[in-house]
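Numbered by this note's numbering, the letters in the sequence shown go through residues 22 to 342 in order.
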Amino acid sequence: MLKPNRGEAFKMKVFWPAAMGLGLLLALESFCSLTALADGPVNQAAQSKEICCGGKLSCSLKRNAVMPFKGVFTKLVATAGQKVKRGDVLARYRLSPDVILQIKRRLSPPQIADLEIGLNDVEKALSSLDGRYNEIRSLMVENMAPEQSLAQVEREMRLLKERQAALQQRIAQERQFARDDTLALKEQLGTAFAPNHVPEVVSLLAPVNGQVISINSEVREGAEVGPGLPAFTIGTTDPMIMKTQVFETDSVQCNIGDPAEITVESLPNRKFEAKISRIALTPVNPGLGDPSYYELEFSVNNPDLTLKDGLKAVACVRKPK
(Lines of atoms letter the chains of each structure in order from A; the text may use other names.)
(Lines give C-alpha, C1' and ligand atoms only; values in the text may rest on other atoms or scores of the structure.)
Protein backbone atom coordinates (compact mmCIF):
# COMPACT_ATOMS: atom_id res chain seq x y z
CA MET A 22 0.00 0.00 0.00
CA LEU A 23 1.39 3.40 -1.04
CA LYS A 24 1.73 6.07 1.55
CA PRO A 25 1.09 9.74 0.67
CA ASN A 26 4.08 11.92 0.67
CA ARG A 27 4.51 14.73 3.14
CA GLY A 28 2.96 17.41 0.84
CA GLU A 29 -0.17 15.42 0.16
CA ALA A 30 -0.56 14.62 3.85
CA PHE A 31 -0.41 18.31 4.69
CA LYS A 32 -3.11 19.11 2.14
CA MET A 33 -5.38 16.40 3.55
CA LYS A 34 -4.96 17.69 7.10
CA VAL A 35 -5.69 21.32 6.16
CA PHE A 36 -8.27 21.26 3.36
CA TRP A 37 -10.36 18.17 4.15
CA PRO A 38 -11.82 19.47 7.44
CA ALA A 39 -12.52 22.83 5.80
CA ALA A 40 -14.39 21.16 2.94
CA MET A 41 -16.43 19.08 5.36
CA GLY A 42 -17.36 22.16 7.44
CA LEU A 43 -18.44 24.10 4.35
CA GLY A 44 -20.64 21.23 3.26
CA LEU A 45 -22.32 21.00 6.63
CA LEU A 46 -22.91 24.79 6.65
CA LEU A 47 -24.59 24.70 3.21
CA ALA A 48 -26.76 21.77 4.23
CA LEU A 49 -27.87 23.53 7.42
CA GLU A 50 -28.74 26.71 5.51
CA SER A 51 -30.80 24.75 3.01
CA PHE A 52 -32.66 22.97 5.84
CA CYS A 53 -33.46 26.29 7.57
CA SER A 54 -34.80 27.77 4.33
CA LEU A 55 -37.11 24.82 3.80
CA THR A 56 -38.30 24.98 7.40
CA ALA A 57 -39.08 28.71 7.09
CA LEU A 58 -41.16 28.09 3.97
CA ALA A 59 -43.06 25.29 5.63
CA ASP A 60 -43.76 27.24 8.84
CA GLY A 61 -44.60 30.61 7.23
CA PRO A 62 -48.40 30.69 8.08
CA VAL A 63 -47.73 29.42 11.61
CA ASN A 64 -45.27 32.24 12.26
CA GLN A 65 -47.78 34.80 10.94
CA ALA A 66 -50.46 33.48 13.29
CA ALA A 67 -47.99 33.72 16.13
CA GLN A 68 -47.73 37.44 15.46
CA SER A 69 -51.18 37.97 17.06
CA LYS A 70 -52.00 37.94 20.78
CA GLU A 71 -55.23 37.08 22.57
CA ILE A 72 -56.29 39.23 25.52
CA CYS A 73 -58.77 37.21 27.55
CA CYS A 74 -60.53 38.33 30.72
CA GLY A 75 -63.44 37.13 32.81
CA GLY A 76 -66.43 38.96 34.19
CA LYS A 77 -70.20 38.91 34.65
CA LEU A 78 -72.93 39.86 32.23
CA SER A 79 -75.48 42.50 33.15
CA CYS A 80 -78.23 44.49 31.46
CA SER A 81 -77.03 47.52 29.55
CA LEU A 82 -79.81 49.53 31.22
CA LYS A 83 -81.98 48.94 34.28
CA ARG A 84 -84.99 50.96 35.42
CA ASN A 85 -87.41 50.37 38.26
CA ALA A 86 -91.16 50.83 37.93
CA VAL A 87 -91.77 52.54 41.27
CA MET A 88 -95.16 52.81 42.96
CA PRO A 89 -96.07 56.53 42.97
CA PHE A 90 -98.97 56.21 45.43
CA LYS A 91 -100.29 53.88 48.08
CA GLY A 92 -102.70 51.30 46.77
CA VAL A 93 -103.89 47.69 46.58
CA PHE A 94 -102.92 45.55 43.58
CA THR A 95 -105.95 44.30 41.68
CA LYS A 96 -104.19 42.60 38.73
CA LEU A 97 -100.63 41.72 37.70
CA VAL A 98 -100.39 42.04 33.94
CA ALA A 99 -96.65 41.45 33.28
CA THR A 100 -94.65 38.38 34.25
CA ALA A 101 -90.92 37.82 34.79
CA GLY A 102 -89.06 37.48 31.48
CA GLN A 103 -91.78 39.21 29.45
CA LYS A 104 -90.73 41.73 26.81
CA VAL A 105 -92.33 45.13 27.32
CA LYS A 106 -92.30 48.55 25.69
CA ARG A 107 -92.27 51.91 27.39
CA GLY A 108 -95.82 52.69 28.52
CA ASP A 109 -97.03 49.08 28.66
CA VAL A 110 -99.19 48.21 31.69
CA LEU A 111 -97.31 46.13 34.26
CA ALA A 112 -100.01 46.04 36.96
CA ARG A 113 -103.24 47.69 38.05
CA TYR A 114 -103.99 48.88 41.58
CA ARG A 115 -106.74 50.66 43.53
CA LEU A 116 -105.83 54.01 45.05
CA SER A 117 -106.37 54.57 48.76
CA PRO A 118 -109.17 57.07 49.60
CA ASP A 119 -106.75 59.55 51.20
CA VAL A 120 -104.61 59.48 48.04
CA ILE A 121 -107.64 60.27 45.87
CA LEU A 122 -108.37 63.29 48.05
CA GLN A 123 -104.77 64.52 47.76
CA ILE A 124 -104.87 64.19 43.98
CA LYS A 125 -108.11 66.18 43.79
CA ARG A 126 -106.48 68.98 45.75
CA ARG A 127 -103.52 68.93 43.40
CA LEU A 128 -105.84 69.23 40.41
CA SER A 129 -107.60 72.27 41.91
CA PRO A 130 -104.87 74.20 43.75
CA PRO A 131 -106.53 76.70 46.19
CA GLN A 132 -103.77 79.31 45.78
CA ILE A 133 -104.94 80.08 42.24
CA ALA A 134 -108.42 80.94 43.49
CA ASP A 135 -106.95 83.15 46.25
CA LEU A 136 -104.74 84.95 43.74
CA GLU A 137 -107.66 85.51 41.39
CA ILE A 138 -109.68 87.03 44.24
CA GLY A 139 -106.78 89.35 45.06
CA LEU A 140 -106.45 90.35 41.41
CA ASN A 141 -110.19 91.09 41.24
CA ASP A 142 -109.92 93.39 44.28
CA VAL A 143 -106.98 95.25 42.73
CA GLU A 144 -108.83 95.75 39.46
CA LYS A 145 -111.88 97.14 41.32
CA ALA A 146 -109.65 99.56 43.20
CA LEU A 147 -108.03 100.65 39.95
CA SER A 148 -111.42 101.26 38.38
CA SER A 149 -112.45 103.39 41.37
CA LEU A 150 -109.18 105.38 41.25
CA ASP A 151 -109.58 105.92 37.53
CA GLY A 152 -112.97 107.56 38.11
CA ARG A 153 -111.54 109.65 40.92
CA TYR A 154 -108.62 110.67 38.70
CA ASN A 155 -110.97 111.93 35.97
CA GLU A 156 -113.06 113.77 38.56
CA ILE A 157 -110.01 115.57 40.04
CA ARG A 158 -108.83 116.61 36.58
CA SER A 159 -112.23 118.12 35.84
CA LEU A 160 -112.12 120.06 39.12
CA MET A 161 -108.58 121.26 38.39
CA VAL A 162 -109.81 122.79 35.12
CA GLU A 163 -112.15 124.94 37.19
CA ASN A 164 -109.41 125.52 39.82
CA MET A 165 -111.45 123.63 42.37
CA ALA A 166 -108.85 120.92 43.24
CA PRO A 167 -105.14 121.14 44.08
CA GLU A 168 -102.46 119.44 42.00
CA GLN A 169 -101.32 117.45 45.05
CA SER A 170 -104.60 115.54 45.00
CA LEU A 171 -104.00 114.45 41.42
CA ALA A 172 -100.39 113.44 42.20
CA GLN A 173 -101.57 111.37 45.16
CA VAL A 174 -104.08 109.50 42.99
CA GLU A 175 -101.43 108.86 40.33
CA ARG A 176 -99.09 107.34 42.95
CA GLU A 177 -101.87 105.07 44.19
CA MET A 178 -102.72 104.02 40.65
CA ARG A 179 -99.07 103.24 39.87
CA LEU A 180 -98.75 101.05 42.98
CA LEU A 181 -101.97 99.22 42.15
CA LYS A 182 -100.85 98.60 38.56
CA GLU A 183 -97.58 97.12 39.84
CA ARG A 184 -99.59 94.91 42.18
CA GLN A 185 -101.87 93.93 39.32
CA ALA A 186 -98.92 92.94 37.08
CA ALA A 187 -97.35 90.90 39.91
CA LEU A 188 -100.60 89.04 40.56
CA GLN A 189 -101.14 88.34 36.86
CA GLN A 190 -97.64 86.92 36.56
CA ARG A 191 -98.08 84.80 39.68
CA ILE A 192 -101.42 83.44 38.46
CA ALA A 193 -99.87 82.56 35.08
CA GLN A 194 -97.04 80.69 36.82
CA GLU A 195 -99.41 78.80 39.13
CA ARG A 196 -101.60 77.80 36.19
CA GLN A 197 -98.54 76.51 34.32
CA PHE A 198 -97.47 74.59 37.43
CA ALA A 199 -100.97 73.10 37.62
CA ARG A 200 -100.84 72.03 33.95
CA ASP A 201 -97.41 70.44 34.43
CA ASP A 202 -98.62 68.70 37.58
CA THR A 203 -101.64 67.34 35.73
CA LEU A 204 -99.37 65.89 33.03
CA ALA A 205 -97.17 64.34 35.71
CA LEU A 206 -100.23 62.84 37.41
CA LYS A 207 -101.43 61.32 34.12
CA GLU A 208 -98.04 59.64 33.70
CA GLN A 209 -97.94 58.48 37.31
CA LEU A 210 -101.49 57.15 37.26
CA GLY A 211 -100.95 55.55 33.86
CA THR A 212 -104.36 56.57 32.57
CA ALA A 213 -106.26 59.59 31.28
CA PHE A 214 -108.85 61.20 33.52
CA ALA A 215 -111.27 64.13 33.55
CA PRO A 216 -110.25 67.29 35.47
CA ASN A 217 -112.94 66.79 38.11
CA HIS A 218 -112.77 62.99 38.29
CA VAL A 219 -109.94 60.84 39.66
CA PRO A 220 -110.24 57.12 38.79
CA GLU A 221 -110.05 54.64 41.66
CA VAL A 222 -108.15 51.95 39.71
CA VAL A 223 -105.01 53.08 37.89
CA SER A 224 -102.02 51.44 36.18
CA LEU A 225 -98.30 51.05 36.78
CA LEU A 226 -96.44 51.45 33.47
CA ALA A 227 -93.08 50.26 32.14
CA PRO A 228 -90.58 53.15 32.19
CA VAL A 229 -88.42 51.84 29.29
CA ASN A 230 -88.32 49.22 26.55
CA GLY A 231 -86.83 45.94 27.68
CA GLN A 232 -87.58 42.79 29.59
CA VAL A 233 -89.08 42.26 33.04
CA ILE A 234 -86.05 40.88 34.86
CA SER A 235 -87.47 40.89 38.40
CA ILE A 236 -90.70 41.46 40.34
CA ASN A 237 -90.68 42.57 43.97
CA SER A 238 -91.75 39.79 46.35
CA GLU A 239 -94.34 42.13 47.90
CA VAL A 240 -96.12 42.55 44.58
CA ARG A 241 -99.12 40.23 44.44
CA GLU A 242 -102.84 40.61 43.88
CA GLY A 243 -104.58 41.90 47.00
CA ALA A 244 -101.38 43.26 48.58
CA GLU A 245 -101.34 46.87 49.78
CA VAL A 246 -98.05 48.70 49.26
CA GLY A 247 -96.90 52.22 49.90
CA PRO A 248 -95.34 54.79 47.59
CA GLY A 249 -91.71 54.38 46.62
CA LEU A 250 -91.76 50.58 46.32
CA PRO A 251 -89.70 49.37 43.28
CA ALA A 252 -92.36 46.94 42.10
CA PHE A 253 -90.83 45.83 38.76
CA THR A 254 -87.31 46.01 37.33
CA ILE A 255 -87.06 46.45 33.57
CA GLY A 256 -83.75 45.70 31.87
CA THR A 257 -82.42 46.23 28.36
CA THR A 258 -81.06 42.78 27.49
CA ASP A 259 -79.96 43.40 23.90
CA PRO A 260 -77.22 44.33 24.02
CA MET A 261 -75.89 43.06 27.33
CA ILE A 262 -72.69 44.41 28.84
CA MET A 263 -69.76 42.68 30.51
CA LYS A 264 -67.44 44.55 32.85
CA THR A 265 -63.97 43.28 33.62
CA GLN A 266 -60.47 44.45 34.56
CA VAL A 267 -57.25 44.11 32.54
CA PHE A 268 -53.62 44.74 33.38
CA GLU A 269 -52.02 47.96 32.15
CA THR A 270 -49.96 46.25 29.42
CA ASP A 271 -53.18 44.84 27.93
CA SER A 272 -55.28 47.97 28.42
CA VAL A 273 -52.98 50.12 26.27
CA GLN A 274 -53.45 47.67 23.37
CA CYS A 275 -57.26 47.85 23.49
CA ASN A 276 -59.38 50.41 21.66
CA ILE A 277 -63.09 51.21 21.71
CA GLY A 278 -64.80 49.23 18.96
CA ASP A 279 -62.34 46.32 18.95
CA PRO A 280 -64.26 43.07 18.23
CA ALA A 281 -64.31 40.32 20.82
CA GLU A 282 -65.70 36.85 21.31
CA ILE A 283 -67.69 35.97 24.42
CA THR A 284 -68.01 32.49 25.88
CA VAL A 285 -70.32 31.72 28.79
CA GLU A 286 -69.75 29.00 31.39
CA SER A 287 -73.42 28.03 31.40
CA LEU A 288 -73.56 27.86 27.58
CA PRO A 289 -70.33 26.04 26.62
CA ASN A 290 -71.40 25.32 23.03
CA ARG A 291 -72.16 28.92 22.06
CA LYS A 292 -70.11 32.00 21.28
CA PHE A 293 -71.39 35.57 21.18
CA GLU A 294 -70.13 38.59 19.24
CA ALA A 295 -69.11 41.64 21.22
CA LYS A 296 -67.04 44.79 21.01
CA ILE A 297 -65.26 47.04 23.48
CA SER A 298 -67.63 49.85 24.41
CA ARG A 299 -65.77 51.60 27.23
CA ILE A 300 -62.19 51.82 28.55
CA ALA A 301 -61.43 53.48 31.86
CA LEU A 302 -58.67 56.10 31.81
CA THR A 303 -57.83 55.73 35.50
CA PRO A 304 -56.80 52.53 37.29
CA VAL A 305 -59.09 50.71 39.70
CA ASN A 306 -56.53 51.13 42.49
CA PRO A 307 -54.43 54.31 42.00
CA GLY A 308 -51.91 53.41 44.73
CA LEU A 309 -48.29 53.97 43.72
CA GLY A 310 -47.09 50.57 44.88
CA ASP A 311 -50.06 48.61 43.55
CA PRO A 312 -50.31 47.04 40.08
CA SER A 313 -52.51 49.05 37.71
CA TYR A 314 -55.69 47.40 36.44
CA TYR A 315 -58.19 49.22 34.24
CA GLU A 316 -61.89 48.58 33.87
CA LEU A 317 -63.00 47.38 30.44
CA GLU A 318 -66.60 47.12 29.24
CA PHE A 319 -67.91 45.00 26.37
CA SER A 320 -71.21 45.38 24.53
CA VAL A 321 -72.51 41.85 23.83
CA ASN A 322 -75.06 41.03 21.13
CA ASN A 323 -78.03 39.09 22.52
CA PRO A 324 -80.68 39.03 19.76
CA ASP A 325 -82.48 35.90 21.01
CA LEU A 326 -82.30 37.05 24.67
CA THR A 327 -80.43 33.89 25.67
CA LEU A 328 -78.01 35.74 27.93
CA LYS A 329 -79.21 36.65 31.39
CA ASP A 330 -78.16 39.12 34.03
CA GLY A 331 -75.40 37.71 36.28
CA LEU A 332 -73.99 34.95 34.02
CA LYS A 333 -70.23 34.43 34.19
CA ALA A 334 -68.41 34.92 30.88
CA VAL A 335 -64.97 35.25 29.30
CA ALA A 336 -64.16 37.79 26.60
CA CYS A 337 -61.24 37.33 24.22
CA VAL A 338 -59.82 40.11 22.03
CA ARG A 339 -57.22 39.25 19.37
CA LYS A 340 -54.59 41.97 19.03
CA PRO A 341 -51.35 42.09 16.98
CA LYS A 342 -48.17 41.70 19.00
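Ideal placement from N, C-alpha and C gives every residue a C-beta, glycine not left out. All of these numbers come straight from a predicted model, not from anything done at the bench.
Problem - Spatial distance of Asp330 from Leu302 (CA atoms) - result: Between Asp330 and Leu302, the C-alpha separation is close to 26 Å.
Handout entry: Nearest to Ile255 (by Cα), restricted to the options Val246, Asn230, Gly278, Gly243
Key = Asn230
Exercise for the section: Hey, could you find the ends of the alpha helix (DSSP H) Thr303 is sitting in? Expected result: Neither: Thr303 is in no alpha helix (DSSP H) and is coded neither H nor E.
Practice task
Quick one: using the 10 Å Cβ neighbour count with 16 as the cut-off for buried, is Met165 buried or exposed?
Solution key: exposed
Exercise for the section: Note the first and the last residue of the continuous alpha helix (DSSP H) segment covering Gln189. Expected result: 168-210
Problem - Contacts around Phe94, its chain only, beta-carbon distance under 7 Å, and the 5 residues preceding and following it disregarded - result: Ala112, Tyr114, Val240, Arg241, Glu242, Gly243, Ala244
Exercise for the section: Using three-state DSSP, classify Arg127 as helix, strand or coil. Expected result: In the structure shown, Arg127 falls within a helical segment according to DSSP collapsed to helix, strand and coil.
Exercise for the section: Check whether the Cβ atoms of Cys275 and Ile72 lie closer than 9 Å to each other. Expected result: For Cys275 and Ile72, yes; Cβs fall inside 9 Å.
Practice task
Confirm the yes/no value for this check: CB of Phe293, any heavy atom of the ligand GDP, distance under 8 Å.
Solution key: You won't find the ligand GDP in this model; it holds no ligand whatsoever.
Problem - Asn323 classed as buried or exposed, judged by whether at least 16 other C-beta atoms fall within 10 angstroms - result: With 16 or more other Cβ atoms within 10 Å, it is buried.
Handout entry: Straight-line Cα distance separating Leu288 from Asp271
Key = Within the model, the alpha-carbon separation for Asp271 versus Leu288 is close to 27 Å.
Problem - Local conformation of Arg158 per DSSP, three classes - result: helix
Problem - Same chain only: Cβ atoms within 6 Å of Met161, ignoring 5 sequence neighbours per side - result: none
Handout entry: Cα-Cα separation between Ala187 and Ser224, rounded to whole angstroms
Key = 40 Å
Exercise for the section: Classify Glu221 as helix, strand or coil using the three-state DSSP reduction. Expected result: coil
Problem - Three-way DSSP call (helix, strand, coil) for Leu140 in this model - result: helix
Practice task
Figure out for me which residue from Arg158, Leu328, Leu210 has the closest Cα to the Cα of Ile234.
Solution key: Leu328
Practice task
Pair every Cβ in the region 139-150 with every Cβ in the region 176-186, then say whether three or more of these pairs are closer than 8 Å.
Solution key: yes
Handout entry: Beta-carbon separation (whole angstroms), Pro248 vs Pro118, contact threshold 8 Å
Key = So it is not a contact: roughly 15 Å between Cβ atoms.
Exercise for the section: Taking Asp271 as part of the alpha helix (DSSP H), name the residues at either end of that continuous run. Expected result: 269-272
Handout entry: C-beta atoms of Thr265 and Ala336 nearer than 9 Å
Key = yes
Handout entry: Pro260 versus Gln197 - alpha carbon distance
Key = 40 Å
Exercise for the section: From the DSSP output, read off the bridge partner residues of Thr254. Expected result: Asn85, Ser235
Problem - Exposure of Gln232, with buried meaning 16 or more beta-carbon neighbours within 10 Å - result: buried
Exercise for the section: Classify Gln103 as helix, strand or coil using the three-state DSSP reduction. Expected result: coil
Problem - Own chain residues within Cβ distance below 6 Å of Leu171, not counting five before or after - result: Taking Leu171 as the centre and dropping the five residues before and after it, the same chain places the C-beta of Ile157 closer than 6 Å to its C-beta, in chain order.
Practice task
In angstroms with no decimal places, state the Cα-to-Cα distance between Leu326 and Lys340.
Solution key: Each residue's Cα considered, the two are about 29 Å apart.
Handout entry: Opposing strand residues paired with Pro361 [DSSP bridges]
Key = Examination of residue 361 is not possible in this model, given that the chain is present from 22 through 342 alone.
Exercise for the section: Below 6 Å CB to CB, which residues in the same chain sit around Asp279 once its five sequence neighbours on both sides are set aside? Expected result: Ile297, Val338
Exercise for the section: Could you name the residues that DSSP lists as bridge partners for Val93? Expected result: Per DSSP, Arg115, Glu245.
Problem - Sequence-distant residues of its chain with Cβ nearer than 6 Å to Gln209 (five each side left out) - result: Pro89
Practice task
Using the DSSP secondary-structure output, state which residues sit across from Val321 in a beta bridge.
Solution key: Met261, Ala295
Problem - Residue nearest to Gln189 in terms of C-alpha spacing, selected from Ala215, Lys292, Gly139, Leu332 - result: Taking only the C-alpha atoms, the option nearest Gln189 is Gly139.
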